[in-house]
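A.B. asks: Right, I'll just put the structure down here and ask away after.
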Amino acid sequence: MKILAIETSCDDTGVAILERKSGKFKVLSNIVSSQTIHQNYGGVFPMMAKREHQVNLVPVLIRVLKQAKLANPKPETRNPKPETNSKFKIINSILEREPELLKQLLPFLEKYEKPDIDAIAVTNGPGLEPCLWIGVNFARALSFYWNIPIIPVNHIEGHILVSFLNPKLYTLNPKRAFPAMCLVVSGGHTQLVLMKKIGDYKIIGETRDDAAGECFDKCAKILGLGYPGGPIIAKIADDFKLKEKLTKVSKLGDSKLEIQNLSLPRPMLNSKDYDFSFSGLKTAVLYAVRDKKQDTITKKYVSKMCVEVQQSIIDVLLKKTLQAAKDYKVKTIILGGGVSANKELRKQFTLKTSPISKSFQKEKIAVKENTKDKKEEVAVCYKTDGRQNRSINVVFPDPKFSTDNGLMIAVAAYFNRKPFGKLKARKKASWKNLEANANLRVGE
Ligand code: KG4
Ligand code: ZN
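Next comes the structure, spelled out in structure tokens:
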């Protein structure tokens, strides 16, 4: 089967075609048009993003169809006039509020044949409401015109399931893969989701204010760096660590040892729940920068700040996820969302969960028993503790699929083609009734 997927929940216009054939996935095309317009503002403006999606969708769809070799122009015949074509009247009513999109869609539908597609998948939430509606109405129009079923997809589920493109994970025996603890970290969300199987999710913790990616973005803005801030902070931090040979992996919260004079908070690190909070971290960066004389905000200071911001976010994400994984006795940790592209985050998650040799473990336990220094004991205890989780697999999406894209929506739609688990309760979506829901929650 072939699935055409559309993603417009934030500032990326994503369209993809995924084929499932003989038990294998094949990505026929996956194109993301990232909106650069927001770079000047250090954040996404929903109404601007909505306009950009309207302008981008049809050209991106044409490129995707061409790449997948599914774009077949109609033979030259007398085309019916739009106003006399009753099908076009319905398209007009579906895209009533998207005039820019309508203007491009009608000539496209006149020019191209119905492609060989079995389903149209679309993100219907969560996300920025005006942006979600563009994708949903575009999918509704195509579904109606081509008479192809529509599969609504939860954006968070897309971030989780994109890792299942990896044949190794998909073919894993469910008894060995589940339950899984999913950490979804993006510009809009930071959630810990317990996944008992595909389609069965429960949010056990989430951010109470800013998302981790949002914190990266806001700190970058304060430091006078560009947007999106996550990849920029990561690059500056990684380059600086390499240059200064700061290769020692921090023990939990101990990166302060490496970056003296600059210690940012680790918000909610020791709270007894699985929730997060990142707005205090951004405020700490704001105050630190505000209280410094302009001429002392050197390149080196900014670089140190980037290392510390990145490490502070990693410390909290790592500790909470490992704690949740332990408490829920999961077999797999699955990361997803834009922040999961972060190399240092991947490195530290892998390190804290990778198996160690027995002798190394014994040695560390001996240190733990003999040590009198409490601080060291805690660190060693944590280290062995994390590494003792030897049966936990950590799964990351291919970094290019961490940030928003259409492919993740196609993969999730494939698994949702027949309603699984709790999804059974959902009414069947069609072009007539599908709606966007900015506050959609996975598992509800
Ligand atoms: O998943 P995503 O593309 O969009 C949302 O669903 O929000 O995530 C975008 C977020 C941005 O905040 C961006 O700064 C962050 O992911 N991000 C990163 C990295 N790449 C993207 N954060 C840290 N390190 C990265 N390498
Ligand atoms: Zn996302």
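Residue numbers are given in the numbering used here: position 112 of the sequence shown equals residue 1262, and the series is strictly consecutive. Just so it is clear, CB atoms sit at the ideal spot from N, CA and C, and this is done for glycine as well.
(1) For Ala1563 versus Ile1153, is the C-beta distance shorter than 8 angstroms?
(2) Would you list the one or two residues that DSSP bridges to Gln1341?
(3) In the DSSP assignment, find the unbroken alpha helix (DSSP H) run with Glu1202 in it and report its ends.
(4) Judging by CA-CA distance, which residue of Cys1365, Ser1427, Phe1328 and Asp1388 is the nearest neighbour of Ile1542?
(5) Measure from the alpha carbon of Pro1299 to the alpha carbon of each residue in Lys1176, Gly1593, Asn1566 and Val1592, then state which is nearest.
(6) Just mark Pro1417 as buried or exposed, buried being the case when its beta carbon has 16 or more other beta carbons within 10 Å.
(7) When a residue counts only if its C-beta is closer than 5 angstroms to some heavy atom of the ligand ZN, which residues count, in chain order?
(8) Taking 7 angstroms as the cut-off, is the beta-carbon of Asn1492 closer than that to any non-hydrogen atom of the ligand KG4?
(9) Output the distance between the C-alpha atoms of Asn1274 and Ala1560, rounded to the nearest integer angstrom.
(10) So, for Asp1535: in the same chain, excluding its five sequence neighbours on each side, which residues have a beta-carbon less than 7 angstroms away from its beta-carbon?
(11) Residues in its own chain within less than 6 angstroms of Ile1306 by CB, not counting five upstream and five downstream?
(12) So, helix, strand or coil for Ser1172, using DSSP?
(13) With a CB to CB cut of under 8 angstroms and the five nearest residues on each side skipped, what residues in its chain are close to Ile1372?
(14) Kindly provide the ranges of any alpha helix (DSSP H) runs that are 4 or more residues long and lie completely inside the region 1226-1294, ordered along the chain.
(15) What did DSSP end up calling Val1592 once you bin it into helix, strand or coil?
(16) Going by DSSP in three states, Ala1221 sits in which element: helix, strand or coil?
(17) Helix, strand or coil: how does DSSP classify Pro1549 here?
(18) Sorry if obvious, but does the Cβ on Phe1366 come closer than 7 angstroms to a heavy atom of the ligand KG4?
(19) At a cut-off of 7 angstroms, would you count Val1489 as near the ligand KG4, judging by its Cβ distance to the nearest heavy atom?
(20) Answer yes or no: the CB of Cys1281 versus the heavy atoms of the ligand KG4, is any distance below 7 angstroms?
(21) What residues in its chain sit with their C-beta under 6 angstroms from that of Ile1386, if we drop five residues either side in the sequence?
(22) Which residue from Leu1251, Ser1421, Asn1222 and Ser1243 puts its Cα closest to that of Asp1266?
(23) Rank Ile1382, Ile1354, Asp1465 and Gly1338 by C-alpha distance to the C-alpha of Asp1425 and give the top, closest one.
(24) Pull up the distance between the alpha-carbon of Lys1264 and that of Leu1215, whole angstroms please.
(25) Only counting the same chain, and skipping five residues up and downstream in sequence, which positions put a Cβ closer than 7 angstroms to that of Ile1187?
(26) Since Gly1379 and Ala1361 should fall inside the 8 angstroms C-beta cutoff, what is the C-beta to C-beta distance between them, to a whole number of angstroms?
(27) Within 10 angstroms of its Cβ, does Lys1368 collect 16 or more other Cβ (buried), or is it exposed?
(28) Quick one: what's got a C-beta closer than 7 angstroms to Leu1584's C-beta in the same chain, skipping five residues either side?
(29) Pull up the distance between the alpha-carbon of Val1459 and that of Tyr1451, whole angstroms please.
(30) Nearest to Asp1388 by CA position, among Arg1358, Gln1461, Leu1419 and Lys1346, is which residue?
(31) Does the separation of the CB atoms of Leu1498 and Ile1464 fall below 8 angstroms?
(32) When DSSP labels each residue in this structure, what does Asp1523 get in the three-state scheme?
(33) What separation, rounded to the nearest whole angstrom, lies between the Cα atoms of Pro1225 and Met1151?
(34) Excluding five sequence neighbours on each side, which residues of the same chain lie with their C-beta closer than 8 angstroms to the C-beta of Cys1160?
(35) Report the option in Asp1477, Asn1180, Tyr1262 and Leu1414 whose CA atom is closest to the CA atom of Leu1344.
(36) Figure out for me which residue from Tyr1351, Gly1488, Lys1171 and Asp1548 has the closest Cα to the Cα of Glu1594.
C.D. replies: The relevant details are as follows:
(1) yes
(2) Val1334 and Glu1356
(3) Pro1196 to Gln1217
(4) Phe1328
(5) Asn1566
(6) buried
(7) Ser1336 and Asp1554
(8) yes
(9) 13 angstroms
(10) Any reading at Asp1535 needs caution, since the residue's pLDDT is 39, under 50, leaving its predicted position unreliable; the model's value is listed next. Once the five neighbours on either side are set aside, Asp1535 has no close Cβ partner at all.
(11) Val1334 and Val1592
(12) coil
(13) Lys1432, Val1435, Leu1436 and Val1439
(14) 1236-1244 and 1249-1261
(15) coil
(16) coil
(17) helix
(18) yes
(19) yes
(20) no
(21) Ser1453 and Cys1456
(22) Asn1222
(23) Ile1354
(24) 11 angstroms
(25) Met1198 and Glu1202
(26) That belief does not hold up - the Cβ atoms of Gly1379 and Ala1361 are roughly 12 angstroms apart, past 8 angstroms.
(27) buried
(28) Asn1274, Val1286, Arg1290, Ile1300 and Pro1302
(29) 12 angstroms
(30) Gln1461
(31) The amino acid occupying residue 1498 in the given sequence is Gln; Leu does not appear at that position. Going by C-beta atoms, Gln1498 is nearer than 8 angstroms to Ile1464.
(32) Reliability fails at Asp1523, whose pLDDT of 42 lies under 50, so the model's placement of it is uncertain and the value that follows must be treated cautiously. The answer is coil: DSSP assigns Asp1523 none of H, G, I, E or B.
(33) 26 angstroms
(34) Val1194, Ala1199, Gly1277, Leu1278, Cys1281, Gly1337, Gly1338 and Asp1554
(35) Asp1477
(36) Tyr1351
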